[in-house]
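Visitor:
2 protein chains.
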Amino acid sequence: VNSQTVKEAAVEPGGEVVDVLLEGRMYGRYTQELGVYAKEEAARLRESGQRRSVSRTLDLLEYDKGRCAKCRICTVRCQKFLISRVGEDWIFLILLGLLMALVSWVMDFCIAICLQAQKWMYGGLDSNVFLQYLAWVTYPVVLITFSAGFTQILAPQAVGSGIPEMKTILRGVVLKEYLTFKTFVAKVIGLTCALGSGMPLGKEGPFVHIASLCAALLSKFMSLFGGIYENESRNIEMLAAACAVGVGCCFAAPIGGVLFSIEVTSTFFAVRNYWRGFFAATFSAFIFRVLAVWNRDEETITALFKTSFRLDFPFDLQELPAFAVIGIANGFGGALFVYLNRLIVQFMRKQKAINRFLMKKRLLYPALVTLLISTLTFPPGFGQFMAGKLTQKESLVTLLDNRTWAKQGIAEEFDYIGHSEAWKHPQVNVFVTLVLFIVMKFWMSALATTIPVPCGAFMPVFVIGAAFGRLVGESMAAWFPDGIHTDGTIYPIVPGGYAVVGAAALSGAVTHTVSTAVIVFELTGQISHILPVMIAVILANAVAQSLQPSLYDSIIRIKKLPYLPELGWGHHEKYNIRVEDIMVRDVRYITLNCSYRDLHNVLLTGHLKTLALVESTESMILLGSIERAQLQALLSLQLGRPRRLAYIRERAVEDKKRLSVVSNDSSENSSHRASQEVRFQVRGHSGQRCKKCFQPFKAHYFQSHRKKCLQNVTAEFCMSSKITEWEEKQLDEQVNFNNCKIDPAPFQLVERTSLHKTHTIFSLLGLDHAFVTSIGRLIGVVSLKELRKAIEGSVTVKGAKVRPPLASFRDSGTSSSENEATELHKLWDRHKSMPLPREHTPSESDEKSQ
Amino acid sequence: VNSQTVKEAAVEPGGEVVDVLLEGRMYGRYTQELGVYAKEEAARLRESGQRRSVSRTLDLLEYDKGRCAKCRICTVRCQKFLISRVGEDWIFLILLGLLMALVSWVMDFCIAICLQAQKWMYGGLDSNVFLQYLAWVTYPVVLITFSAGFTQILAPQAVGSGIPEMKTILRGVVLKEYLTFKTFVAKVIGLTCALGSGMPLGKEGPFVHIASLCAALLSKFMSLFGGIYENESRNIEMLAAACAVGVGCCFAAPIGGVLFSIEVTSTFFAVRNYWRGFFAATFSAFIFRVLAVWNRDEETITALFKTSFRLDFPFDLQELPAFAVIGIANGFGGALFVYLNRLIVQFMRKQKAINRFLMKKRLLYPALVTLLISTLTFPPGFGQFMAGKLTQKESLVTLLDNRTWAKQGIAEEFDYIGHSEAWKHPQVNVFVTLVLFIVMKFWMSALATTIPVPCGAFMPVFVIGAAFGRLVGESMAAWFPDGIHTDGTIYPIVPGGYAVVGAAALSGAVTHTVSTAVIVFELTGQISHILPVMIAVILANAVAQSLQPSLYDSIIRIKKLPYLPELGWGHHEKYNIRVEDIMVRDVRYITLNCSYRDLHNVLLTGHLKTLALVESTESMILLGSIERAQLQALLSLQLGRPRRLAYIRERAVEDKKRLSVVSNDSSENSSHRASQEVRFQVRGHSGQRCKKCFQPFKAHYFQSHRKKCLQNVTAEFCMSSKITEWEEKQLDEQVNFNNCKIDPAPFQLVERTSLHKTHTIFSLLGLDHAFVTSIGRLIGVVSLKELRKAIEGSVTVKGAKVRPPLASFRDSGTSSSENEATELHKLWDRHKSMPLPREHTPSESDEKSQ
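Take a look at the structure:
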């Protein structure tokens, strides 16, 4: 009799099939659980054995009278000390900084080689323009296509900047697939290829993600040594530091990196994390720049895009209106960029014909976009009017140059500057070149950042901003050739200063951050323009924030990540929405005197991670909340292996005579026999062959088919029916909450709490849901979903689990029991995703019986 | 019969006197309450009248057919619009920035004049050294003594830097007397005098306080226009921005100001406050520097202490160890400074003989300290060996000079530098001068900051750090006269760069902040030394934080402010303390079915601001918490004026015939008569003459002295006894909680929550206390006090009320009822502090009856 026939038998009663299958699936969990238990126990045994052996080594050594015994004791002690020290934060941070600096430097090195190769190819073919064009275009297309394909195959999570995902993760949402080794590899290689292609893409955003990946992997690696790396809230803190490291080692800007990461990823920031970020980012930036010195690229440690504006009179007071204009214009520009970026993505999604075609040929879209952009920048073609032959880095260096381009009469001085030549066109004015550069790069960057490769938008936007600033600066210089200052000394206008202001303002507007100002100072190594930069950045932010969300928030909305949106400024209508308007009134709850069956039903229907515990259905007094995993543990304890075994053993001893025993050795005593039977039964639990005998049925099914059942009865089947009966009896018992961790103070709101207050509480505490009570009576529940809907309309989100970061502070139990609960929880999740995932794993007992 | 005799009569029963007096005091509250009610009502009437008149003006204008009616309508509308706009945040921030920039600039101007005056006096008397000495010494002594005296008389709260207090206030503790106009005046004038004296005192700390004062006063002022300025959580946010403004306009360092204020004052920082700080600080710094340009002090906007180090090669990689040494040494130095400062304060407190003497002559200590310090810096005396004639600002400018002092052979170049001359002594090496300067200034600064005047320690420490950096730099320059760099070009060492590093490191070590690095860049206008500065600051912080608390935390401990100390790093024993070890088990609670008398008793004995509401004494199930003020409102509602009046009116009508009516006009109807009687009775409440008749007595007193009472009975006395009886009856009624705001979810902990977790929750939510429950049953309470005791030993704190900042998010009621409750609360506090504070305030009815 195999399981197939049992299923067929079950089909006979007709309508009850689904019911039975559901039940079967549910009990399958308990069956599977035994395998997990066995594995865990084996692991525990192995571990304790190892530990014992280590301590035994030490003991042995202590008593060893040999020659170098003392040395060896010392070595082992040092090892122990090192292992304990490795658990310290600062070692982790140093390692992280070192690793990221190396990654950043190696990546920069590879990108530089890629770009040089393109130039070399282009330069070598200068005899034939068509061949030149082919080389100019093919190279980036191949690189981008490879990058897109590689990322797609290895880890699609690596696509994009990664800052939106980090923001979501730091909010407390678990997006585990974004922090794997595969993603790391895909992101690093994909990013190198993408940037090596010369497309207007950035390095900053992906670096935040790469640093976080590094931190997560390093955490996992270091948890092999010490225990504290298993703490989840610590991991979140380390991720926050890693974000700072990412920006810090990308731009050699430790302070700006820390601030930028705070602004971009956090809502409420714990100041005690501050030093971690500073420490790691500084170390990382230091190593990054030292590597450049060691590689003889630089003489000493300096800024990445060092400028040399005059110090004595950086700008005149009367130039400030021009800076303010740059700020306001860049504010509008930033909002436009975000809007354009979103428009392109939405357009590609809506056009179903295009979409379907592109979906089939996933690599066609990147290739087409790259082809378009590189065709337009082809230097002998249109590229000559927009300095197309310059790489992004070269453009920035020339834009920040401290000489004036538009000044009349000093053409000979202008000649000797290496790259600045590209901006000069024999027929066309430098202003036209700049305008064309700005306009073309603007839409190109917005388009290029939608390519599914690892890429950021910060650097392209930064360059566009610098170009706009330069444009204004050159105009000012042309307008006031001798400067504005009237008191004797002539201080000519420095257009490079305007470029710095413009770069900070536009990148600040796109990302909605003020810290781009600091990044600019650290990038250029000069802080003389601090007030113009600050004024422009603040104005740009004011304009951009009132028009559009930040680029990262925009991507979060497009990707529908489970993030709590910020409440906009001045949306006063939000103050009038109350919790009672948005709460879910149909709450799943359990009562103090419920049965295990009720528990089971609630677990099957609810979706929240914790369940409300009320006094009774009548009073609805909220007593606390219990985690779903805890309840599952309760349920499996009631129906679990030890009790099941005890029951079977009891039954076996009792019904010994009636069963046909397949024991060969009759000389053994009865207790041994009983235990052997039990083992046989247990094998039935996990093995596949005798699964039928444990296939559970609902009681009423048995009752209605009692006769047929009794006719075809075998000893095993009878046993299983008895077990099912036992299960039913167990399910009807009242739940004993004594060993259950109850959170006595789940977060409660009253029905008149405003949306604004709810938002603050949710974001401050990182809540997933809160119960709504009225004088102690549970009347509803509000989860992140409802809150988000209320704030921005109805958006549905799937595939992400939300975990309140402070949850670990609420429970009072030990960590070991927590792990157990988590284990059960995983089991449950796995079970839900795969119906009846039963593999044939021959256990020890199985092999023995064969 | 006056009140004296009643008191004497009350004394007769002996032991019950205290009881009666206590009762009397308690009922005195209700008596006094009537006055408050009257005032409030009058204010309301006045306000509504005003409002009506404004709208009437508008209405009238609309119907006015006159020539310029439209103009006037327009004007009124504009006025309305302006008034509504004034409520916007950015206007507030601009005003704050403007105001603070003006204050800062005017103060700097006055200080400069003061210092010039001293120099002028000293210079004019160069014929006689003794007169010179007298002038040099008397001037600061007079100024400091005046500053100390003025502050002492006007507002003793203005003493010191104010950062510890701001830290406490931003933590959520109400220290109202620190944010008054008196304190503002005392702080501004006191600080100007103190800094004008030339003592080694700083401006930064007090400026944080002054900016906060400004913000608080501005809030009050602007609440005259709009409504949103009454929101308390908004005020806290504005205070946080104000702290940034304080640093920003003091050093013209907006970014560093924001970061410094975050690091110094916050534990958890809301990133949405970030832009406020940046906006206000930038505006303030801008105006501050523009004022300098307008005053022709500067040609354009530049840094405060502008340096001009070479940009191409700021430092060699091999110099980094020297920078690290500066960092570590300054870490030790910073810890020593904090220790020394605390030691001096504690020494002064312990030496009772000195202490008593100084207490009597409060101004003697400042004068003596000033005398000592100014004697030692007297330029022709010891001051010649420590550049004593330089002011703090001059010292800093010379220390940051980009030329090398110790270089051999270029003495002639050294001559022409104005102030640097002071460092050169014909007999003594410049190294000796520097060492003497560092050592002397070190203890002088530590001593000077203990003087009870408004002063900070940041700037003196900054200068000492710069001097130490300079010392190391000069040593390096002497050691490597041609620089370390070996590849062809000679790059001599820049000792000024070392001074920058040293300044940032020492000030960072003393304040435990990293943002001093940013402040240094903004102060000097050069960011070329970013990596050395960051490395030194981080090392200095690491060393100092492991040795001593920050200067501000040290002062918080000395002043015993109610602040939650940070948990140190690596104090793992804290993880083993549980809430059950520190909680107070004797909790004051009220039950659902308690009487008003119970309420009254609980209110008299408890000290927490909210009281637990449990189901019953047996079950102890925690249902929620009620604010003390709410309960007082309940109690006063039960015994309050309307019910009392109703009762009296009823009695009066009933007992009309038995009373001797002092009405002259017998033609009026009875209802008028009754109302007059009532007025008479009410007058008795607030007036002093007939107070006796309302002097309440406990019922049992009346019972035991019934006879005597009946013998001397007057109508009034009888009335009062009846009212007392009525009160007693009212007190025995069961409390009706219907109109009471109950917080259904007070923060709860379980008894096994660790100290570490409790600390995090308290600081994240700004809690004052949390109830400890065990499966819903109230078993204890933990307040900030217990937590602090557990963390740092037993420290008692008095005189400050703690308010949880999130409290406003919890309650669902309207603000009007809250204000009422607060009013009652004030009344209660006032009442407690002054026993029976009955003044004779002749009311209208009083005057009429005379």
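Quick note, the sequences are listed as chains A and B, same order. This note's numbering puts the first residue of the first sequence at 12, with every later residue one more than the last. This note's numbering puts the first residue of the second sequence at 12, with every later residue one more than the last. We put the CB at the ideal spot given by N, CA and C, even for glycine.
Around the Cβ of A/Ile632, are there at least 16 other Cβ atoms within 10 angstroms (buried) or fewer (exposed)?
Guide: Buried, since its Cβ has 16 or more Cβ neighbours within 10 Å.
Visitor: Hey, is A/Met249's beta-carbon within less than 8 Å of any beta-carbon in chain B?
Guide: False, the Cβ-Cβ gap to chain B never drops below 8 Å.
Visitor: Let me make sure I understand the geometry here. Which of B/Leu656, B/Thr86 and B/Phe453 has the alpha-carbon closest to that of B/Trp737?
Guide: Of the candidates B/Leu656, B/Thr86 and B/Phe453, the one whose C-alpha sits nearest the C-alpha of B/Trp737 is B/Leu656.
Visitor: Relative to the alpha-carbon of B/Leu619, which residue among B/Leu401, B/Glu638 and B/Lys733 has its alpha-carbon at the smallest distance?
Guide: It is B/Glu638.
Visitor: With distances taken from CA atoms, which of A/Thr735, A/Leu634 and A/His780 is nearest B/Gln759?
Guide: The candidate whose alpha carbon is nearest that of B/Gln759 is A/Leu634.
Visitor: Any Cβ of chain A within less than 8 Å of the Cβ of B/Asn246?
Guide: Answer no: the Cβ-Cβ gap between B/Asn246 and chain A never drops below 8 Å.
Visitor: Ignore the nearest five residues each way along the sequence and tell me which others in A/Thr461's own chain have a CB closer than 6 Å to its CB.
Guide: Excluding sequence neighbours, A/Thr461 sits near Ile355 and Val356.
Visitor: Any beta-carbon of chain A closer than 8 Å to the one on B/Glu661?
Guide: It does not; no Cβ of chain A falls within 8 Å.
Visitor: Look up B/Ile601 in the DSSP assignment and give the residues it is bridged to.
Guide: Looking at the DSSP assignment, B/Ile601 forms a beta bridge with B/Leu624.
Visitor: Among A/Thr191, A/Leu104 and A/Gly213, which residue has its Cα nearest to the Cα of A/Val464?
Guide: Out of A/Thr191, A/Leu104 and A/Gly213, A/Gly213 has the C-alpha closest to the C-alpha of A/Val464.
Visitor: Is the beta carbon of B/Asp743 closer than 8 Å to that of B/Ser630?
Guide: No, the Cβ-Cβ distance between B/Ser630 and B/Asp743 is not below 8 Å.
Visitor: Note down, in chain order, each residue of its chain lying with its Cβ closer than 7 Å to the Cβ of A/Pro377, except the 5 sequence neighbours on either side.
Guide: Once the five neighbours on either side are set aside, the close Cβ partners of A/Pro377 are Ile155, Thr156, Ala159, Ile462, Pro463 and Val464.
Visitor: Kindly identify the DSSP beta-bridge partner or partners of B/Arg589.
Guide: According to DSSP, which records beta bridges pairwise, B/Arg589 is partnered with B/Ser765.
Visitor: Please tell me whether A/Val304 has its Cβ less than 8 Å away from any Cβ of chain B.
Guide: Yes, its Cβ sits closer than 8 Å to a Cβ of chain B.
Visitor: Using a Cβ-Cβ cutoff of less than 7 Å, which residues in the same chain neighbour A/Met451 once the five nearest sequence positions on both sides are dropped?
Guide: Same-chain partners within the cutoff: Leu387 and Met397.
Visitor: Name the residues in the region 284-313 of chain B whose C-beta lies less than 8 Å from a C-beta of chain A; which are they?
Guide: Within the region 284-313 of chain B, the residues whose Cβ lies closer than 8 Å to some Cβ of chain A are Tyr285, Trp286, Phe289, Phe290, Thr293, Ala296, Phe297, Arg300, Val301, Val304, Glu310, Thr311, Ile312 and Thr313, listed in chain order.
Visitor: For the region 518-544 of chain B, enumerate the residues whose C-beta is nearer than 8 Å to any C-beta of chain A, in chain order.
Guide: From the region 518-544 of chain B, only Val525, Ala528, Val529, Phe532, Glu533, Gly536, Gln537, Ile538, Ser539, Ile541 and Leu542 have a Cβ closer than 8 Å to chain A.
Visitor: Taking the runs of the beta strand (DSSP E) that are 3 residues or longer, which of them lie wholly in the region 237-298 of chain A?
Guide: Here the runs fully enclosed are 279-281.
Visitor: If we cut at 8 Å on Cβ distances, does B/Val595 have a partner in chain A?
Guide: By this cut-off, B/Val595 is not an interface position.
Visitor: With a cut-off of 8 Å, does the C-beta of B/Thr460 fall near any C-beta of chain A?
Guide: Not closer than 8 Å to any Cβ of chain A, the Cβ of B/Thr460 fails to qualify, so no.
Visitor: A/Glu274 touches chain B at which residues, Cβ-Cβ below 7 Å?
Guide: Correct list: Val282 and Tyr285.
Visitor: Check each candidate in A/Gly134, A/Val269 and A/Phe192 and name the one with the smallest Cα separation from A/Glu533.
Guide: It is A/Val269 whose Cα lies nearest to the Cα of A/Glu533.
Visitor: Would you say A/Phe157 faces chain B, with C-beta separation under 8 Å as the test?
Guide: For A/Phe157, the answer is no, since every Cβ of chain B falls outside 8 Å of its Cβ.
Visitor: Go to B/Ile200, then tell me how far its alpha helix (DSSP H) extends in each direction, as first and last residue.
Guide: First-last of the alpha helix (DSSP H) with B/Ile200: Phe192 to Gly207.
Visitor: Along the region 252-277 of chain B, what residues have a CB closer than 8 Å to any CB found in chain A?
Guide: Those residues of the region 252-277 of chain B that come within reach of chain A (Cβ to Cβ, closer than 8 Å) are Pro265, Ile266, Leu270, Ile273, Glu274 and Ser277.
Visitor: Beta-carbon separation of A/Ser272 and A/Ala255 under 8 Å?
Guide: Yes, the pair counts as a contact, with Cβ atoms nearer than the cut-off.
Visitor: How many whole angstroms separate the CB atoms of B/Pro151 and B/Gly216, which I take to be in contact at a CB cut-off of 8 Å?
Guide: At roughly 20 Å, the Cβ-Cβ gap does not stay under 8 Å, so B/Pro151 and B/Gly216 are not in contact.
Visitor: Name, going along the chain, the residues of the region 322-340 of chain B whose beta-carbon falls closer than 8 Å to a beta-carbon of chain A.
Guide: Correct list: Leu322, Asp323, Phe324, Pro325, Phe326, Asp327 and Leu328.
Visitor: What distance in whole Å lies between the Cβ atoms of B/Ala226 and B/Ala253, which are believed to be in contact at a cut-off of 8 Å?
Guide: Right, their Cβ atoms sit about 4 Å apart.
Visitor: Closer than 8 Å by beta-carbon distance: list the chain A residues that pair up with B/Asn552, in chain order.
Guide: Under the 8 Å cutoff, chain A gives Trp286.
Visitor: Less than 6 Å between C-beta atoms, sequence neighbours within five positions excluded: which residues of the same chain meet that for B/Phe393?
Guide: Taken in chain order, the residues that qualify are Leu387.
Visitor: Residue range of the alpha helix (DSSP H) that A/Val446 falls in?
Guide: Unbroken alpha helix (DSSP H) run through A/Val446: Val441 to Ala459.
Visitor: Helix, strand or coil for A/Arg788 per DSSP?
Guide: A/Arg788: strand per DSSP, three-state reduction.
Visitor: I'd like the list of long-range same chain contacts for B/Val512, defined as Cβ closer than 7 Å, with 5 residues on each side in sequence excluded.
Guide: Phe334, Ile337, Gly480, His540, Pro543, Val544 and Ala547.
Visitor: Would you mind telling me which residues of chain A sit closer than 7 Å to B/Ser319, beta carbon to beta carbon, in chain order?
Guide: Residues of chain A passing the Cβ test: Leu322.
Visitor: If we count the other Cβ atoms within 10 Å of its Cβ and call it buried at 16 or more, is A/Asn341 buried or exposed?
Guide: Looking at its Cβ environment, which holds 16 or more other Cβ atoms inside 10 Å, A/Asn341 is buried.
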